[in-house]
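These notes are about the structure you will find just below.
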Amino acid sequence: MFFELGLFDWLSIIPVDKEDVVPHMNRVQHSNLTPHIGAYVLQVKATDADDPTYGNSARVVYSILQGQPYFSIDPKTGVIRTALPNMDREVKEQYQVLIQAKDMGGQLGGLAGTTTVNITLTDVNDNPPRFPKSIFHLKVPESSPIGSAIGRIRAVDPDFGQNAEIEYNIVPGDGGNLFDIVTDEDTQEGVIKLKKPLDFETKKAYTFKVEASNLHLDHRFHSVGPFKDTATVKVSVLDVDEPPVFSKPLYTMEVYEDTPVGTIIGAVTAQDLDVGSSAVRYFIDWKSDGDSYFTIDGTEGTIATNELLDRESTAQYNFSIIASKVNNPLLTSKVNILINVLDVNEFPPEIAAPYETAVCENAKPGQIIQIVSAADRDLSPAGQQFSFRLSPEAAFKPNFTVHDFRNNTAGIETRRNGYSRRQQELYFLPVVIEDSSYPVQSSTNTMTIRVCRCDSDGTILSCNVEAIFLPVGLSTGALIAILLCIVILLAIVVLYVALRRQKKKDTLMTSKEDVRDNVIHYDDEGGGEEDTQAFDIGALRNPKVIEDNKIRRDIKPDSLCLPRQRPPVEDNTDIRDFINQRLQENDVDPAAPPYDSLATYAYEGNGSVADSLSSIDSLATEADQDYDYLTDWGPRFKVLADMFGEEESYNPDKVT
957 MFFELGLFDW
967 LSIIPVDKED
977 VVPHMNRVQH
987 SNLTPHIGAY
997 VLQVKATDAD
1007 DPTYGNSARV
1017 VYSILQGQPY
1027 FSIDPKTGVI
1037 RTALPNMDRE
1047 VKEQYQVLIQ
1057 AKDMGGQLGG
1067 LAGTTTVNIT
1077 LTDVNDNPPR
1087 FPKSIFHLKV
1097 PESSPIGSAI
1107 GRIRAVDPDF
1117 GQNAEIEYNI
1127 VPGDGGNLFD
1137 IVTDEDTQEG
1147 VIKLKKPLDF
1157 ETKKAYTFKV
1167 EASNLHLDHR
1177 FHSVGPFKDT
1187 ATVKVSVLDV
1197 DEPPVFSKPL
1207 YTMEVYEDTP
1217 VGTIIGAVTA
1227 QDLDVGSSAV
1237 RYFIDWKSDG
1247 DSYFTIDGTE
1257 GTIATNELLD
1267 RESTAQYNFS
1277 IIASKVNNPL
1287 LTSKVNILIN
1297 VLDVNEFPPE
1307 IAAPYETAVC
1317 ENAKPGQIIQ
1327 IVSAADRDLS
1337 PAGQQFSFRL
1347 SPEAAFKPNF
1357 TVHDFRNNTA
1367 GIETRRNGYS
1377 RRQQELYFLP
1387 VVIEDSSYPV
1397 QSSTNTMTIR
1407 VCRCDSDGTI
1417 LSCNVEAIFL
1427 PVGLSTGALI
1437 AILLCIVILL
1447 AIVVLYVALR
1457 RQKKKDTLMT
1467 SKEDVRDNVI
1477 HYDDEGGGEE
1487 DTQAFDIGAL
1497 RNPKVIEDNK
1507 IRRDIKPDSL
1517 CLPRQRPPVE
1527 DNTDIRDFIN
1537 QRLQENDVDP
1547 AAPPYDSLAT
1557 YAYEGNGSVA
1567 DSLSSIDSLA
1577 TEADQDYDYL
1587 TDWGPRFKVL
1597 ADMFGEEESY
1607 NPDKVT
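Heads up, the sequence shown is in the working numbering, so the first residue is 957 and it goes up one at a time.
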């Protein structure tokens, strides 16, 4: 292994037998050092198994058998040191030293063992970088792009590792501002790059100096001299066939609208700067928008109009022109053309926006009631002014006038002491607006002025015609509130009347829970008195009677009964009177339903002293019931009277 300066390693001499076998070293030693005379390398040590108290048998003496005159060893301690000054790693880096350890004090007859020590000199930065030649020649085409590498140079440093790292710099001077140089960390070369474009026709060669220096310096060797070197670099620019070059990067032209077709408005110029100059041809880039409005002379480069131009339609045109070499049409260059269309004063100025002008009825003379401004569809040049005045036909009317403020605005001024909406609600004021371009254009604009009612501060309260007839002390909001209240009251009255009518109709429809007076109704015509399947009146009957008599009372009985005896009429007087009263009420009631219905009054309730008032349950059997009174009720009950009248004439003896 390797040891740095100041470290040491122990080596052992192991004898095979006592005093009769030569001891040997068990490993090879290595060391690194920085050379100067007497510099400590390492210390070796051998052991002897002989009895150290017996004479000189165990006393070991060290010596160098190989490695002189570069190194020496102390015979007693085994310390190895350098023996020569200025040992140079660049001359010889590896040394192999053979060390011998001998007992008996080194006398004749003593036993000896050897070991090998490999010593490597470590590097120090004691050598500056040096260019192998003083001038480097480079060639680069003029079309090389910016940032591209155009060549490499290299300085040589015999040191190793970071001591050999080199930094390159261009010395300020002639031509150095067009180039840059960086260090390639892998090869320690200086890479020269292009910082600005080259032009063979402008300059064909450049000369500058490059300096190479170490990055990591050792202060112990400053006295040796500067650790840098300088070389000259000459760059030759090679000519390349290039496209034509325009005289300007951008061409700007102006033309008036409505200029006659074919008028020349400008020209472009491009030329071939190569040594063998070639003629140039021009044409418009057909991919642009302006190709149909303009033409170009292919030889002269003059641009002319191809159509009539209108600034209000298109105020500016932007297109490209291409120039190519005649001897090499593939080499082309392009330039942008910007054409501004100048305005011709063809439109008169107008009021900028429609104004809603109002004047108070209590206005005073000299009040400004409206500020107006003008707009012109023409492209107004700088400093153009608009003037305002009344038209001649309105100049004699004392109602309003126009006050020109001389800043492209004017004010409408009152000339009367008060205005009346009852007399005239609207006034029409013709205003003449004139521009300052050539030729002068003017227009007459009619403004509408409405008379409004205002408060004492001039705040407009109402401009409607209807407001003239309203009470003076009643505002619009109050009127709206009053109308809203009236509408709500009318809605409440209508709703109340509708509910009353509905309630009156519903009186005929008694609740189903009232078993005393249950009216059943349905919307179809039905079968008259004989149709009793639409309702069940079983719930109206006396529960006690229902339990005793299970015969259906709501339909005509199928079985024949014995002839009934007609009871006394006075027993049914109360029932007859009650039914007649109900019948008369329904006959005279205009809200009575137009459909057939049956009202049954069969059960008064439990605990009644009079018991049930119904004629159906008054007698024990149906034969005891007299139905002759049904004939007295009129045509409505004819079917019912005939049905029960047949039962009275029924003779059971005639049944077969």
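Every residue, glycine too, gets a C-beta built ideally from N, C-alpha and C.
Buried or exposed by the 16-neighbour rule on C-beta atoms within 10 Å, applied to residue i
| i | result |
| --- | --- |
| Ala1454 | exposed |
| Tyr1238 | buried |
| Lys1032 | exposed |
| Asp1030 | exposed |
| Gly1414 | exposed |
| Leu1069 | Here residue 1069 turns out to be Gly, not Leu, going by the sequence shown. With 16 or more other Cβ atoms within 10 Å, it is buried. |
| Lys1152 | exposed |
| Ala1351 | exposed |
| Pro1088 | exposed |
| Ser1280 | buried |
| Phe1356 | buried |
| Phe1593 | buried |
| Thr1009 | exposed |
| Ile1102 | exposed |
| Gly1232 | exposed |
Proximal residues to residue i (C-beta, below 8 angstroms), its chain only, five neighbours per side dropped
| i | result |
| --- | --- |
| Pro1321 | Thr1370, Arg1371, Arg1372 and Asn1373 |
| Leu1539 | Trp1589 |
| Asp1360 | Ser1343, Phe1344, Arg1345 and Ala1366 |
| Asp1130 | Tyr1162, Thr1163 and Phe1164 |
| Leu1064 | none |
| Glu1317 | Gly1374, Tyr1375, Ser1376, Arg1377, Val1407, Cys1408, Arg1409 and Cys1410 |
| Gly1061 | Asn1012, Arg1015 and Val1017 |
Proximal residues to residue i (C-beta, below 6 angstroms), its chain only, five neighbours per side dropped
| i | result |
| --- | --- |
| Gly1601 | none |
| Lys1290 | Ser1276 and Ile1278 |
| Thr1208 | Leu1294 |
Residue range of the beta strand (DSSP E) that includes residue i
| i | result |
| --- | --- |
| Phe1384 | Leu1382 to Glu1390 |
| Asp1140 | Phe1135 to Asp1140 |
| Met1043 | Looking at the DSSP string, Met1043 is not in any beta strand (DSSP E), and its letter there is neither H nor E. |
| Pro1097 | Ile1091 to Pro1097 |
| Tyr1018 | Val1017 to Gln1022 |
| Val1147 | Glu1145 to Leu1150 |
| Lys1204 | From DSSP, Lys1204 is part of no beta strand (DSSP E); its letter is neither H nor E. |
| Ala1235 | Here Ala1235 belongs to no beta strand (DSSP E), and DSSP marks it neither H nor E. |
| Glu1302 | Here Glu1302 belongs to no beta strand (DSSP E), and DSSP marks it neither H nor E. |
| Gln1326 | Ile1324 to Ala1331 |
| Asp1360 | Phe1356 to Asp1360 |
| Asp1185 | Lys1184 to Leu1194 |
| Thr1163 | Ala1161 to Asn1170 |
| Gln1050 | Gln1050 to Lys1058 |
| Ser1343 | Ser1343 to Leu1346 |
| Leu1154 | Element bounds for Leu1154: n/a, residue is neither H nor E. |
| Leu1417 | Ile1416 to Ser1418 |
| Thr1404 | Ser1398 to Cys1410 |
Proximity of residue i and residue j at Cβ, strictly below 8 angstroms
| i | j | result |
| --- | --- | --- |
| Ile1106 | Lys1160 | no |
| Leu1229 | Glu1256 | no |
| Val1450 | Tyr1375 | no |
| Asn1401 | Glu1268 | no |
| Glu1123 | Ser1169 | yes |
| Tyr1273 | Thr1261 | no |
| Glu1098 | Val1193 | yes |
| Asp1059 | Ser1028 | no |
| Ser1329 | Asn1364 | yes |
| Phe1135 | Asp1195 | no |
| Pro1205 | Val1236 | no |
| Val1096 | Val1191 | yes |
| Phe1202 | Pro1084 | no |
| Ile1075 | Val997 | yes |
Interface flag, residue i vs chain C, CB-CB below 8 angstroms
| i | result |
| --- | --- |
| Asp1411 | Absent here is chain C; the protein component of the structure consists of one chain. |
Residues near residue i by beta carbon distance below 7 angstroms, same chain, minus five either side
| i | result |
| --- | --- |
| Arg1086 | Ala1111, Val1112 and Asp1185 |
| Thr1139 | Ile1122, Glu1123, Tyr1124 and Gly1146 |
The segment 1292-1301 contacting the segment 1206-1214, beta-carbon criterion three pairs below 8 angstroms: yes
Any 3 or more C-beta pairs closer than 8 angstroms across the segment 1308-1316 and the segment 1221-1235: no
Contact between the segment 1077-1092 and the segment 1168-1188 (3+ Cβ pairs under 8 angstroms): yes
Meets three-Cβ-pair contact criterion under 8 angstroms: the segment 1430-1446 and the segment 1347-1359: no
Three or more C-beta pairs below 8 angstroms linking the segment 1034-1047 and the segment 1124-1140: no
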